Amino acid sequence: MKAIGAIGAAVMAAWVGVGCSSSPAAGEEAAPGAPNAYASAPTGVERLYVLDCGVGHAADQSRWTVGFNAGQPIDISVKCYLIRHRQGYFLWDTGISDHVATMKDGWLRGTNPATDLTWRRAKTLMAQLEEIDVAPEDIQFIGISHSHPDHIGNLELFPKTTVLIQKLEHDFFFNPKRTGLPMAPPGSPTPEFSKDHPVTLVDEDLDVFKDGSVFLFNTAGHTPGHQSLMVHLPQTGWVMLSGDAVHLKHNWDHKRIPYFFRLHLEEKLQMAVSMQRMDDLLELYDAQLWIVHDKAQGDTLKHAPAYYE
Ligand SMILES: [Zn+2]
């Protein structure tokens, strides 16, 4: 697989240099005490809104914290993020389907509450966009970290918006032999992800607005074409949005690879490589890491209609 074949110091140096034409060249080291050139680079980003895109309940959190906290239940958050760039709006992930907001017992995706997650949604994505006066057609791009239902649940509410997805992820999702649990809740009025949806297929990394201020980077492992996002805010600085390259602060701090029965050894190794890449980028850009499913961290963020600049 591509990411594993790419291990090596030279490639790691090239990896971390992604995205920014006005920033230092890859591998170039700043003088000690010098201001971080990535942090002081100009940015076209104006605002970032954090949107509540659902909550999941699991009976046993040790799937993510392998060897620890066995049998302990956990609630995980789901966030979406709307970025206002001077060239247009960019939505990062679409969360659990808005239809789940109508399901009073939530959506148990599967049949076994001991092993399957139950998803709930207090407020729809559409209501939150309406509150900040953003219509679906105002959104120029949707980037998705990967094709799981808590991230693509509302894609087809934006049928004309171009979706930025890794090519490997697109191939994975539309593989006719794909099996597993349903991707959309029962009774959902919209399809899960239509093959006719306009897409841009990303190969490794993408500088979304071509000015280095918002870029996607490959963090394969959780799924074959998983990606994460870096965004440069004028006041807040650089923020990394994890997707599911990491699930909880616990597994990030201890670099624990979650246990999923479908995850093969090669994919676990990819997750480890991806976490190292994230670590390198966080250091290089002096960035914060926002972990989409870590509810304790997510609860500390201000949510729309408030925003970060
Ligand atoms: Zn997820």
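Count along the sequence shown from 1, add 558, and you get the number used in our numbering.
Beta carbons: idealized from backbone N, C-alpha and C, even for Gly.
Just so you know, these numbers come straight off a predicted model, no measurement behind them.
Would residue i and residue j be called neighbours here (beta carbons separated by less than 8 Å)?
{"i": "residue 621", "j": "residue 817", "result": "yes"}
{"i": "residue 771", "j": "residue 602", "result": "yes"}
{"i": "residue 848", "j": "residue 596", "result": "no"}
{"i": "residue 779", "j": "residue 635", "result": "no"}
{"i": "residue 681", "j": "residue 610", "result": "yes"}
{"i": "residue 852", "j": "residue 806", "result": "yes"}
{"i": "residue 677", "j": "residue 710", "result": "no"}
{"i": "residue 758", "j": "residue 720", "result": "yes"}
{"i": "residue 760", "j": "residue 722", "result": "yes"}
{"i": "residue 829", "j": "residue 815", "result": "yes"}
{"i": "residue 739", "j": "residue 652", "result": "no"}
{"i": "residue 850", "j": "residue 637", "result": "yes"}
{"i": "residue 614", "j": "residue 675", "result": "yes"}
{"i": "residue 698", "j": "residue 648", "result": "yes"}
Alpha carbon to alpha carbon, how far is residue i from residue j?
{"i": "residue 783", "j": "residue 726", "result": "5 Å"}
{"i": "residue 582", "j": "residue 773", "result": "Reliability fails at residue 582, whose pLDDT of 46 lies under 50, so the model's placement of it is uncertain and the value that follows must be treated cautiously. Roughly 16 Å separates the two Cα atoms."}
{"i": "residue 769", "j": "residue 775", "result": "15 Å"}
{"i": "residue 607", "j": "residue 844", "result": "21 Å"}
{"i": "residue 663", "j": "residue 600", "result": "47 Å"}
{"i": "residue 705", "j": "residue 750", "result": "10 Å"}
{"i": "residue 604", "j": "residue 628", "result": "42 Å"}
{"i": "residue 765", "j": "residue 789", "result": "10 Å"}
{"i": "residue 860", "j": "residue 686", "result": "13 Å"}
{"i": "residue 854", "j": "residue 631", "result": "14 Å"}
{"i": "residue 665", "j": "residue 846", "result": "32 Å"}
{"i": "residue 688", "j": "residue 696", "result": "11 Å"}
{"i": "residue 762", "j": "residue 785", "result": "8 Å"}
{"i": "residue 617", "j": "residue 644", "result": "43 Å"}
{"i": "residue 813", "j": "residue 716", "result": "35 Å"}
{"i": "residue 729", "j": "residue 690", "result": "35 Å"}
{"i": "residue 755", "j": "residue 658", "result": "22 Å"}
With respect to 7 Å, is the separation between the Cβ of residue i and the closest non-hydrogen atom of ligand 3 below this value?
{"i": "residue 615", "result": "By its list of ligands, the structure shown excludes ligand 3, since it contains just ligand 1."}
Classify residue i: buried if its beta carbon has 16 or more other beta carbons within 10 angstroms, exposed otherwise.
{"i": "residue 809", "result": "buried"}
{"i": "residue 626", "result": "exposed"}
{"i": "residue 707", "result": "buried"}
{"i": "residue 670", "result": "exposed"}
{"i": "residue 801", "result": "buried"}
{"i": "residue 734", "result": "exposed"}
{"i": "residue 640", "result": "buried"}
{"i": "residue 835", "result": "buried"}
{"i": "residue 743", "result": "buried"}
{"i": "residue 791", "result": "buried"}
{"i": "residue 811", "result": "exposed"}
{"i": "residue 732", "result": "exposed"}
{"i": "residue 862", "result": "buried"}
{"i": "residue 753", "result": "exposed"}
{"i": "residue 598", "result": "exposed"}
{"i": "residue 823", "result": "exposed"}
{"i": "residue 672", "result": "exposed"}
{"i": "residue 619", "result": "buried"}
{"i": "residue 867", "result": "exposed"}
Within the segment 693-718, note down every full beta strand (DSSP E) run reaching 3 residues or more, in order along the chain. Taken in chain order, the unbroken stretches of beta strand (DSSP E) that lie wholly in the segment 693-718 and span 3 residues or more are 697-701.
Contact set, ligand 1 heavy atom to C-beta under 5 Å: My final list is 708, 802.
For the segment 633-698, list the alpha helix (DSSP H) runs that are entirely contained and at least 4 residues long, ordered along the chain. The segment 633-698 contains these whole alpha helix (DSSP H) runs: 683-689.
Sequence ranges, alpha helix (DSSP H) only - wholly within the segment 594-618, length at least 4: Whole alpha helix (DSSP H) segments, 4+ residues: 595-598.
Alpha helix (DSSP H) runs contained entirely in the segment 756-830, provided each spans 4 or more residues: Correct list: 807-811.
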